[in-house]
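One structure below.
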Amino acid sequence: MRRWMLLSPTTLILCAGACASTNNGGGTPITSVGAENSAGAIRAAEEVGAAHSPQASLYLQLAKEQFDHARRLTSPDDLPAAALMLRRAEADANLALALARENTEKVEAQAAVDKANMLNDAVVP
Amino acid sequence: MKKTASASWMRSMRPALIGMLGAALVVTACATVTPVELINARTAYARASTGPAAQLKPAELHKAKGALDAAEASFVEEKGSQKTIDLAYIAERNVEVVESQTRSAQTAQTLEAAKRTYDDKQRALAKNTRAVLADTRVQLTEARKGQAQEAQQLGAEQAARAEANTKAAASEAKAAASDLRANEANDALAKLAAKEDARGQIITLSGGVLFRSNEADLLPAAQTKLDDVAAALISRGRPVVVEGYTDSKGSQSRNRDLSQQRADSVRSYLVLRGFPAEKIIAKGMGPDRPVADNTSAEGRANNRRVEIVVAKSDLPLK
Chain A
0 MRRWMLLSPT TLILCAGACA STNNGGGTPI TSVGAENSAG AIRAAEEVGA AHSPQASLYL
60 QLAKEQFDHA RRLTSPDDLP AAALMLRRAE ADANLALALA RENTEKVEAQ AAVDKANMLN
120 DAVVP
Chain B
0 MKKTASASWM RSMRPALIGM LGAALVVTAC ATVTPVELIN ARTAYARAST GPAAQLKPAE
60 LHKAKGALDA AEASFVEEKG SQKTIDLAYI AERNVEVVES QTRSAQTAQT LEAAKRTYDD
120 KQRALAKNTR AVLADTRVQL TEARKGQAQE AQQLGAEQAA RAEANTKAAA SEAKAAASDL
180 RANEANDALA KLAAKEDARG QIITLSGGVL FRSNEADLLP AAQTKLDDVA AALISRGRPV
240 VVEGYTDSKG SQSRNRDLSQ QRADSVRSYL VLRGFPAEKI IAKGMGPDRP VADNTSAEGR
300 ANNRRVEIVV AKSDLPLK
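Those sequence lines, one after another, are chains A and B. Be aware that the first sequence starts at 0, since it is given in numbering that gives the first Met the number 0, and climbs by one per residue. Be aware that the second sequence starts at 0, since it is given in numbering that gives the first Met the number 0, and climbs by one per residue.
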């Protein structure tokens with residue numbers, strides 16, 4: 000399945016709107032790329048469980064709010080602001096993703112350390 | 000002339016122009032306030048670039064530096080515009096992503112170290128377990144050997160016990176047979192009209208049954224009687240004294256000799272019938288210890304006799 004097919008209807012509408020409002024001679028509209036990137040980053044953060052990590056969930060929430068804000072900037076004059084807002088959303092989503100992964104790896108590492116320590120008790124008579 | 004005047008004017012106005020330029024710069028500087036997002040981004044980058052991220056995530060840090068540079072460029076061009084703020088915000092987030100990735104890398108190192116430690120300890124545990132297992136096998140082998148020896152010993156003990164039981168049973172049977180023989184001997188002695196006194200059981204045989212007058216050779220009928228006596232004495236197995244007695248007629252020395260000869264004849268016959276010679280002695284008592292009156296013929300006949308004394312114990316009689 001192609002990546003654009005995974006985008007939510009809201010994102011697709013935003014992308015379509017952005018495409019229709021740009022007049023840069025047929026090039027890829029920056030808002031379309033930004034929406035795809037930020038939506039992908041948000042989805043990736045959600046998939047690694049960012050919503051269940053306190054720190055990561057904050058940035059995930061910020062990313063979603065900024066994505067929604069960008070969606071509301073529909074006039075041609077607002078396109079640059081919308082593009083920046085989407086980049087902010089992407090940055091927050093990336094941070095949420097990184098924090099969620101960090102949290103998961105910390106848990107795994109702690110489990111490995113505990114496992115090694117338990118084995119230590121078994122080795123030492 | 001005009002040039003000279005103009006130059007002179009410029010010289011006179013230079014301090015004022017410099018002052019005005021300085022004032023303009025101060026006004027511009029005062030009007031340009033650095034956005035807090037940019038300050039935060041700079042601080043974050045300074046922190047990250049001096050931390051472990053510089054070694055663990057240099058490429059990502061460089062990329063974050065690019066975002067910060069973009070924000071700085073925007074700040075130069077557009078001062079505190081929304082674009083500058085947004086780019087600074089993005090730059091700060093990029094730096095924080097790098098820091099998070101750095102911590103993840105450190106955590107991954109910890110995880111790897113823990114896994115290595117776990118593997119090392121597991122190998123040590125496996126080695127230790129193998130050693131214990133080998134030791135246990137040795138002990139088990141020794142224990143089995145011990146058990147086999149114990150089983151062998153137990154078998155030997157059981158065999159010895161069975162043999163002892165067999166011997167005991169044989170002994171008991173022998174003892175029972177011995178008791179039976181003793182009882183039979185007692186019965187036989189009783190049938191021979193034996194009587195008891197301090198010396199033991201006494202079998203009295205009439206001299207008229209055993210010998211002719213003045214002779215010491217046994218009569219044939221006496222041998223039949225003595226066969227029964229011999230069988231009873233052999234069964235009993237006790238020491239025996241054969242005592243010969245006469246009546247009081249005739250000389251004392253003759254009576255003693257005759258009584259000794261008759262006692263010897265009886266002893267010889269009993270030995271001939273199988274009684275042990277070492278357990279039997281013969282005594283000639285002459286007319287001693289009469290059992291009846293020697294003045295009558297009947298009394299004298301009763302006094303002519305042979306007494307066989309059977310000892311009460313295995314100790315020999317005198």
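Glycine residues also receive a C-beta, built at the ideal position from the N, C-alpha and C atoms.
As summarised for the stretch 197–259 of chain B, the continuous alpha helix (DSSP H) elements at least 4 residues long and confined to that stretch are 206–209, 219–235, given in chain order. Approximately 13 Å separates the beta-carbon atoms of K56 of chain B and T106 of chain B; this is outside 8 Å, ruling out the contact.
The secondary-structure analysis by DSSP pairs A175 of chain B with nothing; it has no beta-bridge partner. The Cβ of K63 of chain A sits no closer than 8 Å to any Cβ of chain B.
At a cut-off of 8 Å between beta carbons, D91 of chain A contacts chain B.
For E101 of chain A, the nearest beta carbon of chain B is closer than 8 Å to its own beta carbon. Residue burial is scored here from C-beta neighbours: E91 of chain B has at least 16 other C-beta atoms within 10 angstroms and is therefore classed as buried.
In this structure, DSSP gives G50 of chain B a state outside helix and strand, which the three-state scheme calls coil. Taking one beta carbon from each stretch, the stretch 86–105 of chain A and the stretch 58–72 of chain A have 3 or more pairs nearer than 8 Å; the two touch.
Against D85 of chain B, the close residues of chain A are A80, L83, M84, R86, R87, in the order they occur along the chain (beta-carbon pairs closer than 9 Å). CA-CA distance, A130 of chain B to A123 of chain B, rounds to 10 Å. Checking the DSSP bridge columns, you'll see V308 of chain B partnered with B:I201, B:V240.
Closest by C-alpha distance to S264 of chain B, out of B:N254, B:K311, B:Q157, B:G283, is B:G283. Contact annotation for A43 of chain A against chain B: no contact, minimum CB-CB distance about 12 Å [criterion: below 9 Å].
Legend: CB atoms of the stretch 92–106 of chain B lying less than 7 Å from CB atoms of chain A belong to residues R92, N93, E95, V96, S99, Q100, R102, S103, T106. At a cut-off of 8 Å between beta-carbon atoms, E104 of chain A makes contact with chain B. Per the C-alpha coordinates, the member of B:A53, B:A189, B:Q200 positioned closest to S99 of chain B is B:A53. With a 10 Å radius around the Cβ and a threshold of 16 neighbouring Cβ atoms, Q200 of chain B comes out buried. The beta-carbon of L124 of chain B is placed less than 8 Å from the nearest beta-carbon of chain A. Under the three-state reduction of DSSP output, G283 of chain B falls in the strand class. Closer than 8 Å to the CB of V112 of chain A there is at least one CB belonging to chain B. Under the Cβ distance rule, L110 of chain B counts among the residues neighbouring chain A, one pair being separated by less than 8 Å.
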